[in-house]
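A.B. asks:
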Ligand SMILES: Nc1ncnc2c1ncn2[C@@H]1O[C@H](COP(=O)(O)OP(=O)(O)OP(=O)(O)O)[C@@H](O)[C@H]1O
Ligand SMILES: [Mg+2]
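Chains as they are written, first to last, in this note's numbering: chain A, 53 to 356; chain B, 208 to 590.
(1) Return yes when the C-beta of residue 231 of chain B is under 6 Å from any heavy atom of ligand 1, and no when it is not.
(2) Taking 7 Å as the threshold (beta carbon to beta carbon), is residue 257 of chain A in contact with chain B?
(3) Could you tell me how far apart the beta carbons of residue 443 of chain B and residue 577 of chain B are, in whole angstroms, since I believe they sit closer than 8 Å?
(4) Can you tell me whether residue 296 of chain A is buried or exposed? The criterion is at least 16 other CB atoms within 10 Å of its CB, across all chains shown.
(5) Nearest by alpha-carbon distance to residue 302 of chain A: which of A:110, A:292, A:190, A:103 is it?
(6) Is the beta carbon of residue 453 of chain B closer than 7 Å to that of residue 488 of chain B?
(7) In three-state terms, what does DSSP make of residue 74 of chain A?
(8) Give the secondary structure of residue 454 of chain B by DSSP, where H, G and I count as helix, E and B as strand, and everything else as coil.
(9) With DSSP as the reference, label residue 126 of chain A as helix, strand or coil.
(10) DSSP three-state label for residue 198 of chain A, please.
(11) According to DSSP, is residue 187 of chain A part of a helix, a strand, or is it coil?
(12) I need the DSSP call for residue 260 of chain A, collapsed to helix, strand or coil.
(13) Taking 6 Å as the limit between beta carbons, can you name the residues of its chain near residue 241 of chain B, skipping five residues before and five after?
(14) Compare the Cα-Cα distances from residue 252 of chain A to each of A:263, A:273, A:232, A:242 and report the closest residue.
(15) Measuring only between beta-carbons, confirm whether residue 331 of chain B sits less than 7 Å from chain A.
(16) Cβ of residue 402 of chain B versus every heavy atom of ligand 2: is any distance shorter than 6 Å?
(17) Does ligand 1 have even one heavy atom less than 6 Å from the beta-carbon of residue 255 of chain B?
(18) Which residues in chain B have a C-beta closer than 7 Å to the C-beta of residue 10 of chain A? List them in chain order.
(19) Touching or not, the region 422–436 of chain B and the region 445–461 of chain B, by the rule of three or more beta carbon pairs under 8 Å?
(20) Give the secondary structure of residue 505 of chain B by DSSP, where H, G and I count as helix, E and B as strand, and everything else as coil.
(21) In angstroms with no decimal places, state the Cα-to-Cα distance between residue 339 of chain A and residue 347 of chain A.
(22) So, at 6 Å on beta carbons, what are the nonlocal neighbours of residue 235 of chain B in its own chain, with the 5 sequence-adjacent residues on each side left out?
(23) Which of the three DSSP states, helix, strand or coil, is assigned to residue 281 of chain B?
(24) Please check the pair residue 263 of chain B and residue 290 of chain B, which I expect to be a contact at CB under 8 Å, by giving their CB distance rounded to whole angstroms.
(25) When DSSP labels each residue in this structure, what does residue 225 of chain A get in the three-state scheme?
(26) CA-CA distance, residue 463 of chain B and residue 250 of chain B?
(27) Tell me whether residue 295 of chain B, by its Cβ, gets closer than 6 Å to a heavy atom of ligand 2.
(28) Are the beta-carbon atoms belonging to residue 299 of chain B and residue 342 of chain B less than 7 Å from one another?
Written as structure tokens, this is what we have:
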């Protein structure tokens, strides 16, 4: 007891918080580590990008046989947009719906694997990744079979009257969105899994000890802590899905074509390089804009 | 403290928790009166955290009840219990700053203006100015104080503290102990406090329970447990004891006679937990005194003789080990009051005690003398 009495009067002034630590000493090491990747990016990304930018400004009247002249034809952009805005809109719409579906399936899946699967964890992860062992093309062709008019799925949906007697799945927007969702799901699940795997269950316990219901705990603890994985996953899903053309090509019709299909045909069928390049740049800037807005909002906690 | 409010006693009734075949908490029954300070002591792995987790609702009991004000809350979800925990692992939210960590409980209960309360709480734990730091930017002791503030701010009916001061230095720990005790008496929160610091338990708690292997070995006021332990485990877990194996050789009136290693001793009947068969005769080291010869032993005292085998000076006291004729070393703490004779290893000496300071515990047949871990810090000597 005497010990308590002594100290009670001798309360020291609380020290003011010291400043946060500065950067480390190895200043050049990070750059050295960056070098191989940077060289690769420069050669195979930056250089072709400049080339593509130039191509988008070529004289639209040129052709492969007559040769192209760089005439700074900025008009290529409005022209391309005017001709293909429905495909643009469709790309973002389909990718957006697929992303929502992907999140609805992928988040619970990643959460279950990371937190609840116990010893089945690795097996389930393999199941998520296993489809990637076959080619993208083969998987999409398999969906063609699954969704085909005389497949079991359409039969079942017709039997329960979710589809009319001659209703179909293949060659509809539904098929394209389902294909996109399926094909890009692993890219969403894996980063999410990585984030959720690191989630300390004791934090969830602390949250529930502090009056947070499971729903509030999800919103205030689980979700914010899985944000890095969620952001990475949605980007890895959404960006390639927006530019995708295989799903629309194999599961849809020209009425479901996305911007990827148009670019594909501009380069490989119509051989209209300036237009293909202009569309590519338009797509890139549109995605960049979306991503930028998304990151700005998701990066601050207040948004959630 | 006056108790106008209806008794909100916390009662555990036959509480049991099994992990597979392993019983972590074994048929625990106890009552903790509302507003009291209850300390739970016990060796690592004896089930203290598991007990707290069952009170908090983070672990479902295998059987038994947790009653708060006579309402069984054992199956209530944790967020519906008026109970908060200071976790052994702190469990601070890494994505929230210190302010938001502390405000978490208030906000989840829909309280809007938290600013003043949070600042008050932070200054209570001496963390003013740290509001915008993240937990990762704090030292272990600072994190521990945030954990404390985060739970205390809610003024729960029961506060569970799982070694809440373990990472603090002595001075800060004493300050926090005073603050905790003050809050506990002022607000009337029931504290269930797990600690490894015996002194902390003794100075702060109204009631101390010593746990061993999932069971409570003894429960009572600190002085009661210390002066008259119920089992050999308690006698050596809380402070130290010299336990000498003997046999009860009869009784005469208020005394029980014991033979041990050829000597005859007596213990007041009121200080005996067992009055037949094999027993341990116990004396605390500070209740033993050294004298040069048997002739110097005061009347009414009993003694052992032996050779001083070790003398270590620890400031407030000197700790001697006395090797008895049959080879057991008993500890003797002699206060350095300057009035006593000093001994050096090799000296012949006798250790004597007043029988009213000894106690008698039941002993399993075959069990030998049990003396405390050598040169452990005596309770009370660290301050
Ligand atoms: N989830 C669990 N599964 C299996 N065994 C467990 C589990 N949790 C605890 N135990 C066991 O139960 C026993 C009691 O654990 P507990 O955490 O309650 O100990 P403690 O008294 O708090 O110890 P310490 O002082 O080291 O914190 C230990 O032997 C531990 O190994
Ligand atoms: Mg523990």
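Backbone N, C-alpha and C fix where the C-beta goes; we use that ideal spot for every residue, glycine too.
C.D. replies: If we stick to the structure as given:
(1) True, at least one ligand heavy atom lies under 6 Å from that Cβ.
(2) Chain B contact via Cβ: present.
(3) Contact between residue 443 of chain B and residue 577 of chain B holds, since their C-beta atoms are separated by about 6 Å, short of 8 Å.
(4) By the 10 Å Cβ count, residue 296 of chain A comes out buried.
(5) Residue 302 of chain A has its Cα closest to that of A:190, out of A:110, A:292, A:190, A:103.
(6) Result yes, Cβ atoms of residue 488 of chain B and residue 453 of chain B sit closer than 7 Å.
(7) In this prediction, residue 74 of chain A has a pLDDT of 49, which is less than 50 and means its spatial position is unreliable; what the coordinates show is noted afterwards. In the three-state DSSP reduction, residue 74 of chain A falls in the coil class, being neither helix nor strand.
(8) Assignment of residue 454 of chain B by DSSP, reduced to helix, strand and coil, places it in the strand class.
(9) Assigned with DSSP and collapsed to three states, residue 126 of chain A falls in coil, not helix or strand.
(10) Reduced to three states, the DSSP call for residue 198 of chain A is helix.
(11) The answer is coil: DSSP assigns residue 187 of chain A none of H, G, I, E or B.
(12) In the structure shown, residue 260 of chain A sits in a helix (DSSP, three-state: H, G or I).
(13) Contacts found: 214, 215, 216, 397.
(14) When only C-alpha atoms are compared, the closest one is A:273.
(15) No, no contact with chain A.
(16) No, the beta carbon of residue 402 of chain B sits no closer than 6 Å to any heavy atom of ligand 2.
(17) True, at least one ligand heavy atom lies under 6 Å from that Cβ.
(18) Shown here, chain A extends from 53 to 356; a query on residue 10 of chain A therefore has no answer.
(19) For the pair of segments examined, the region 422–436 of chain B was found to touch the region 445–461 of chain B: the number of CB pairs separated by less than 8 Å reaches three.
(20) Residue 505 of chain B: coil per DSSP, three-state reduction.
(21) The straight-line gap from Cα to Cα measures roughly 12 Å.
(22) 219, 222.
(23) Note: residue 281 of chain B maps to coil in three-state DSSP.
(24) Between residue 290 of chain B and residue 263 of chain B the Cβ distance is about 5 Å, and since that is below 8 Å, they are a contact.
(25) DSSP places residue 225 of chain A in helix when its eight states are reduced to three.
(26) Cα to Cα, the separation comes out at about 32 Å.
(27) Taking 6 Å as the cut-off, one finds at least one heavy atom of ligand 2 near enough to the beta carbon of residue 295 of chain B.
(28) Taking 7 Å as the Cβ cut-off, residue 299 of chain B and residue 342 of chain B qualify as a contacting pair.
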